[in-house]
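First comes the structure, then the notes that go with it.
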Amino acid sequence: MFVLLITSLIVGSFLNVCIYRIPRGESIAYPPSHCPKCDSKLKPIDLIPILSFIINKGKCRYCGEPISLQYPLIEALNAILYIILYLKFGFSLEFLQYALLSSLLIVISTIDYHYKIIPDKLIIFGIICRLLLITLYNFKPNIINGTIGLLIGGGIFLVIAIITNGAMGGGDIKLMAMLGLWLGWKYILLTTLLSFVIGAIISMLLLIFKVKSRKDFIPFGPFISIAAYIAAVYGNELIQFYINNILM
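Residue 247 is where the sequence shown ends in numbering that gives the first Met the number 0, and the numbering goes up by one at each step.
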């Protein structure tokens, strides 16, 4: 568990690099990590997840400018999601694939929240990774289930976008299509339902506490991502609960 915790925090630190650089069209590999305020190159001690933020009291060690709280929060969130997956699936192929997906969704959600876009390169990356994973086991049933999920996920949101005259963005359509390939048709239907429920609840809370106004645009990508993670981890239980307690 300790190794998992450290690994997930390190991955979370890399996710912060992706979140900062991808929308700006910068390479995620070069140049090395640096302060976005003073451009000072960060040393290994500055890159220790969460701990470096605490030691430096949330400020850059070189220029003294405050560091966004987003950095330790992303690292901690990635660790929490990995631990939940490990407790559910153990160290298995399911754990590895959903760990990859959850990290990808963190990047997509955060970029969508800040910039109101979902970069195509992240969707393409997700599709390629899923196709590679499908080849590792049970190719035929997984590719059929995934293809149906892709068509259903993207299709539902495409219809919604047409009916609402573009209220649902193209990025959301592509995200749902990609997730359909990952989750299959049952879980993508569950993801669709959960995303609207979660979106309605969170949007209402944001309006009540005046974090957002009715005129503000609230990106839907984060709601889809939360719903997809819940479906991936607890999909069987939720579907069984629905069958036993609502349909019966």
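For every residue, glycine included, the Cβ atom is placed at its ideal position computed from N, Cα and C.
Quiz prompt | Length of the line joining the Cα atoms of Leu182 and Ser26 | solution = Taking the sequence shown and counting its residues from 1, the one referred to as residue 182 is at position 183. Taking the sequence shown and counting its residues from 1, the one referred to as residue 26 is at position 27. Straight-line Cα distance between these residues: approximately 30 Å.
Quiz item: Can Leu100 and Ala230 be called in contact, C-beta distance under 8 Å?
Solution: On the sequence shown, position 101 is the one that residue 100 refers to. On the sequence shown, position 231 is the one that residue 230 refers to. No; because the gap between Cβ atoms is not below 8 Å, this pair is not in contact.
Quiz item: Given Leu174, which residues of its chain have a CB within under 7 Å of its CB, disregarding the five upstream and five downstream residues?
Solution: As a first step, residue 174 is located in the sequence shown; it is residue number 175 there, counting from the start. These residues qualify, in order along the chain: Ile107, Ile117, Ile122, Gly220 and Ile223.
Practice problem: Can you have a look at Cys62 and say buried or exposed, based on whether 16 or more other CB atoms are within 10 angstroms of its CB? | Solution: Residue 62 sits at position 63 when you count from the first residue of the sequence shown. With fewer than 16 other Cβ atoms within 10 Å, it is exposed.
Quiz item: Over what stretch of residues does the alpha helix (DSSP H) that includes Asn141 continue unbroken?
Solution: The count along the sequence shown starts at 1 and reaches residue 141 at position 142. Note, Asn141: alpha helix (DSSP H), Phe138 to Ile162.
Quiz prompt | DSSP-derived helix/strand/coil call for Pro43 | solution = For this step, residue 43 is matched to residue 44 along the sequence shown. In this structure, Pro43 counts as helix in the three-state DSSP scheme.
Quiz prompt | Limits of the unbroken alpha helix (DSSP H) element including Thr191 | solution = Locating residue 191 in the sequence shown gives position 192, where the first residue counts as 1. It spans Gly169 to Ile207 - the alpha helix (DSSP H) in which Thr191 sits, taken as one unbroken run.
Practice problem: Spell out whether any CB of chain B is found under 8 Å from the CB atom of Cys128. | Solution: Of the protein chains in the structure, only one exists, and it is not chain B.
Quiz item: Is Ile110 closer than 8 Å to Ile21 when the C-beta atoms are compared?
Solution: Within the sequence shown, numbered from 1, the residue matching residue 21 stands at position 22. Within the sequence shown, numbered from 1, the residue matching residue 110 stands at position 111. Contact flag set, yes.
Quiz prompt | Lys58 - DSSP class collapsed to helix/strand/coil | solution = For the purposes of this step, residue 58 is identified with residue 59 of the sequence shown, where counting begins at 1. If DSSP states are grouped into helix, strand and coil, Lys58 belongs with the strands.
Quiz item: Can you tell me whether DSSP reads Pro71 as helix, strand or coil?
Solution: Reading the sequence shown from its first residue, position 72 is the one you call residue 71. Pro71 carries a helical assignment under DSSP once its states are collapsed to helix, strand and coil.
Quiz item: Of all the options Leu178, Ile242 and Gln239, which has the alpha carbon lying nearest to the alpha carbon of Leu104?
Solution: Position 105 of the sequence shown, counted from the start, is the residue given in the question as residue 104. Ranking the options by Cα distance to Leu104, first place goes to Leu178.
Exercise. Mind reading off the beta-carbon distance from Val10 to Ser67? Whole number of angstroms is fine, and I expect it under 8 Å.
Key: Position 11 of the sequence shown, counting from 1, holds the residue named residue 10. Position 68 of the sequence shown, counting from 1, holds the residue named residue 67. In fact, because the Cβ distance is near 18 Å, the residues do not count as touching under 8 Å.
Practice problem: Flag this pair as yes or no: are the beta carbons of Leu14 and Ile49 separated by less than 8 Å? | Solution: Taking the sequence shown and counting its residues from 1, the one referred to as residue 14 is at position 15. Taking the sequence shown and counting its residues from 1, the one referred to as residue 49 is at position 50. Going by C-beta atoms, Leu14 is not nearer than 8 Å to Ile49.
Quiz item: Can you list, in chain order, the residues of its chain whose CB lies under 6 Å from that of Ile155, leaving out five sequence neighbours each side?
Solution: Within the sequence shown, numbered from 1, the residue matching residue 155 stands at position 156. Thr191.
Quiz item: Which value, in whole angstroms, describes the spacing of the CA atoms of Phe94 and Cys128?
Solution: By one-based count along the sequence shown, residue 94 stands at place 95. By one-based count along the sequence shown, residue 128 stands at place 129. Rounded to the nearest angstrom, the two C-alpha atoms are 14 Å apart.
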